[in-house]
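Encoded as structure tokens, the structure appears first; notes follow it.
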Amino acid sequence: MQKSKKKQIVIAGAGLIGSTMAIALASKGFDVTVVDGAKKKDRIERNKGRTYALSRASKNLLSNLGLWDPKKLHVSPIENIVLSTRNETSNTIGHLAEFNKESSKIGPSSYMIEDAYLRAVLSSEIDRNTKIEIVDSTEVIQAETNSFEAKIILSDKSSISTEILIISGGRESAFVKRLNKRFFRKSYNQVAIVGNLSHKNMHNFAAHQIFLPGGPLAILPLKGKRSTFVWTLPIEMGNKLSKSKGEVFINHLKENIGDILINPSVIGEKKMFPLYLRFLRDSVDNRKVFIGDSAQAIHPLAGQGLNIGLRDVASLVDTLSNGKKLGLDLGGVDLLKRYETWRSFDRISLTTYTDLINALFSNNNFYLKALREFGMSVIDRSPLLKDFFIKEAAGEYGNLPDLLKQ
Ligand SMILES: Cc1cc2nc3c(=O)[nH]c(=O)nc-3n(C[C@H](O)[C@H](O)[C@H](O)COP(=O)(O)OP(=O)(O)OC[C@H]3O[C@@H](n4cnc5c(N)ncnc54)[C@H](O)[C@@H]3O)c2cc1C
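Below, the structure written as structure tokens:
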């Protein structure tokens, strides 16, 4: 066994969630070590071309950490949300509901952001922040805990003793799987194909969600005459389509988006993700907390996975900094249970909501189709309901931690 170190807080995983967690903790005076199994350049490469819809609450978090720089982040606000469905018989796009910027009195509910820019901003802050140490290419492979500390064994055979281990290893971490935690897991038998498009027309900052029988297709505005697409499809169809090149793919896309984009063409590579729900029942353990996709991996149809992870970040930072002020043990179960209780409503409700919407919309059942079209027309005509949904999309509900407030 090699050298052993002592650290105040250790984070396993320097993805977008682990990195933001480190910066948020450092802003409250904690010393943090972040360990990631991959090299920095591989983390950038494997997420190349990915984009996210960031809620207003997530924007507030980045602002409060001094990281919200629209120029550096190349953000594109979402000013209109248009929900529609494709009429199979006439092959036309049918309107379901629209949420425009007038529905919200305080600016856009979400912003599109590209992975490369967000990752670069987080990474440069981590590199300059003296309260954060980053250890690349080193995996957390084991964690033994007792009433005094967590002893973390790393893949280079060194070890770290710490008060608390925050686990942000994403949805596929082998370490998390080895911990044998109780997860609720359900396969959607769907994949999502994602990629970016250039086109001739202006998108006017409108986000489109077209509900198709196999799953929703989202077209979201990026900076300039560019958009991103997230297309949910049954596995077999998705596998076939993701391999189709150039014209074949674009023609298939055009058949489903009507005249939303003029002359679209794919920029760079498409990526495909298998879709499943994975929900950790107990997100805290003795000296361990699971956040982000390690705690809940949800359907991407509402574009909320990263946002819910950032809400984990803000609530955990609040809990730990209050604990520190009171002189409490940071890894103590009592303190961590407070965090878990705080997060449980949001975690359960968003997971259930995305699951239900997918079940309700990703099919061709006559009765469900009639039900959702009726439901949507009620929402479309009700400013009150629209206001409620905009607030949900903005992530501004419930008892918000300080870092999410404007
Ligand atoms: C198709 C699709 C579209 C999406 N669109 C949106 C959207 O529009 N808006 C939104 O909010 N969310 C969206 N999401 C969700 C979002 O992508 C995820 O919630 C988010 O990327 C999770 O980040 P993370 O840091 O938790 O995990 P990851 O990005 O998976 O990072 C985990 C990190 O941990 C490291 N790691 C793993 N195990 C260990 C270990 N044992 N030791 C050390 N390091 C380890 C890995 O190397 C990796 O760097 C989408 C998801 C999908 C699939």
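The numbers in the sequence shown follow the working numbering, run straight up by one, and end at 411. C-beta: ideal position from N, C-alpha, C; glycine also.
*asked:* Below 8 Å on the Cβ atoms is my contact criterion, and I expect R292 with A155 to pass it. Report the Cβ-Cβ distance as a whole number of Å.
replied: As a working note, residue 292 is residue 287 in the sequence shown. As a working note, residue 155 is residue 150 in the sequence shown. Yes, R292 and A155 are in contact; Cβ-Cβ is about 4 Å, under 8 Å.
*Alpha carbon to alpha carbon, how far is Q465 from R316?*
As shown, the chain starts at 6 and ends at 411. That puts residue 465 outside it, with no answer to give.
*Could you name the residues of the same chain whose beta carbon sits closer than 7 Å to that of I240, not counting the 5 residues immediately before and after it, in chain order?*
Translated into positions along the sequence shown, residue 240 becomes position 235. Taken in chain order, the residues that qualify are N194, Q195 and V196.
*asked:* Taking 8 Å as the cut-off, does the stretch 31–46 touch the stretch 258–265 (at least 3 CB pairs, one atom from each stretch)?
replied: No: fewer than three Cβ pairs fall under 8 Å.
*Just how far apart, CA to CA, sit L311 and A300?*
Position 306 of the sequence shown, counted from the start, is the residue given in the question as residue 311. Position 295 of the sequence shown, counted from the start, is the residue given in the question as residue 300. Here the alpha carbons of A300 and L311 stand approximately 12 Å from one another.
_For a test of your reading of the model: does the CB of D141 fall under 7 Å from any non-hydrogen atom of ligand 1? Yes or no._
In the sequence shown, the residue the question calls residue 141 occupies position 136. Checking the 7 Å criterion, the Cβ of D141 is out of range of every heavy atom belonging to ligand 1.
*How many whole angstroms separate the CB atoms of S142 and A17, which I take to be in contact at a CB cut-off of 8 Å?*
Locating residue 142 in the sequence shown gives position 137, counting from the first residue. Locating residue 17 in the sequence shown gives position 12, counting from the first residue. Not quite, the Cβ-Cβ distance comes to about 14 Å (not below 8 Å), so this is no contact.
_Does the distance between the C-beta of S173 and the nearest non-hydrogen atom of ligand 1 fall short of 7 Å?_
Numbered from 1 along the sequence shown, position 168 holds the residue referred to as residue 173. Look at S173: its beta carbon is less than 7 Å from one of the heavy atoms in ligand 1.
*asked:* At the level of alpha carbons, what is the spacing between G23 and F394?
replied: Mapped onto the sequence shown, residue 23 falls at position 18. Mapped onto the sequence shown, residue 394 falls at position 389. For G23 and F394, the distance between alpha carbons rounds to 28 Å.
*Between V199 and ligand 1, is the CB less than 7 Å from at least one heavy atom?*
Translated into positions along the sequence shown, residue 199 becomes position 194. Distances taken from the Cβ of V199 to the heavy atoms of ligand 1 include one shorter than 7 Å.
*Supposed close pair M117, T233 - CB separation, criterion 8 Å*: Translated into the one-based positions of the sequence shown, residue 117 becomes position 112. Translated into the one-based positions of the sequence shown, residue 233 becomes position 228. Confirmed, about 7 Å.
*Going by alpha carbons, who is nearest to R231 out of S114, G273, A29 and S115?*
Within the sequence shown, residue 231 is the residue found at index 226, counting from 1. Nearest of S114, G273, A29 and S115 to R231, Cα basis: G273.
_Using CA atoms only, rank isn't needed, just tell me which of A19, D298, V37 and P75 is closest to K182._
Numbered from 1 along the sequence shown, position 177 holds the residue referred to as residue 182. Comparing C-alpha distances from K182 to each of A19, D298, V37 and P75 shows the shortest one belongs to D298.
*Whole-angstrom distance between R352 and I313, CA atom to CA atom*: Residue 313 sits at position 308 when you count from the first residue of the sequence shown. Residue 352 sits at position 347 when you count from the first residue of the sequence shown. Taking the straight line from one Cα to the other gives about 7 Å.
*Who are V196's beta bridge partners in DSSP?*
As a working mapping, residue 196 is identified with position 191 in the sequence shown. Paired residue(s): L238 and P279.
*asked:* Considering only their Cβ atoms, is the gap separating K329 from I165 smaller than 8 Å?
replied: Here residue 165 is taken as the residue at index 160 of the sequence shown, counted from 1. Here residue 329 is taken as the residue at index 324 of the sequence shown, counted from 1. The answer is no: Cβ separation not under 8 Å.
_The alpha helix (DSSP H) that contains T342, what's its start and end?_
Residue 342 sits at position 337 when you count from the first residue of the sequence shown. Residue 342 is actually Lys in this sequence, not Thr. Boundaries of the alpha helix (DSSP H) around K342: V338 to F366.
*If we ignore side chains and look at the alpha-carbon of each, how far apart do F371 and E378 end up?*
Here residue 371 is taken as the residue at index 366 of the sequence shown, counted from 1. Here residue 378 is taken as the residue at index 373 of the sequence shown, counted from 1. Each residue's Cα considered, the two are about 11 Å apart.
*Would you call R348 buried or exposed, if buried means 16 or more other Cβ atoms sit within 10 Å of its Cβ?*
In the sequence shown, residue 348 corresponds to position 343, counting from 1. Its Cβ being crowded by 16 or more others within 10 Å, R348 is buried.
*In terms of alpha-carbon separation, which member of K205, I255 and K186 lies closest to R286?*
Translated into the one-based positions of the sequence shown, residue 286 becomes position 281. Of the candidates K205, I255 and K186, the one whose C-alpha sits nearest the C-alpha of R286 is K186.
*Residue closest to A2, alpha-carbon to alpha-carbon, out of A319, Y402, E50 and D339*: As shown, the chain starts at 6 and ends at 411. That puts residue 2 outside it, with no answer to give.
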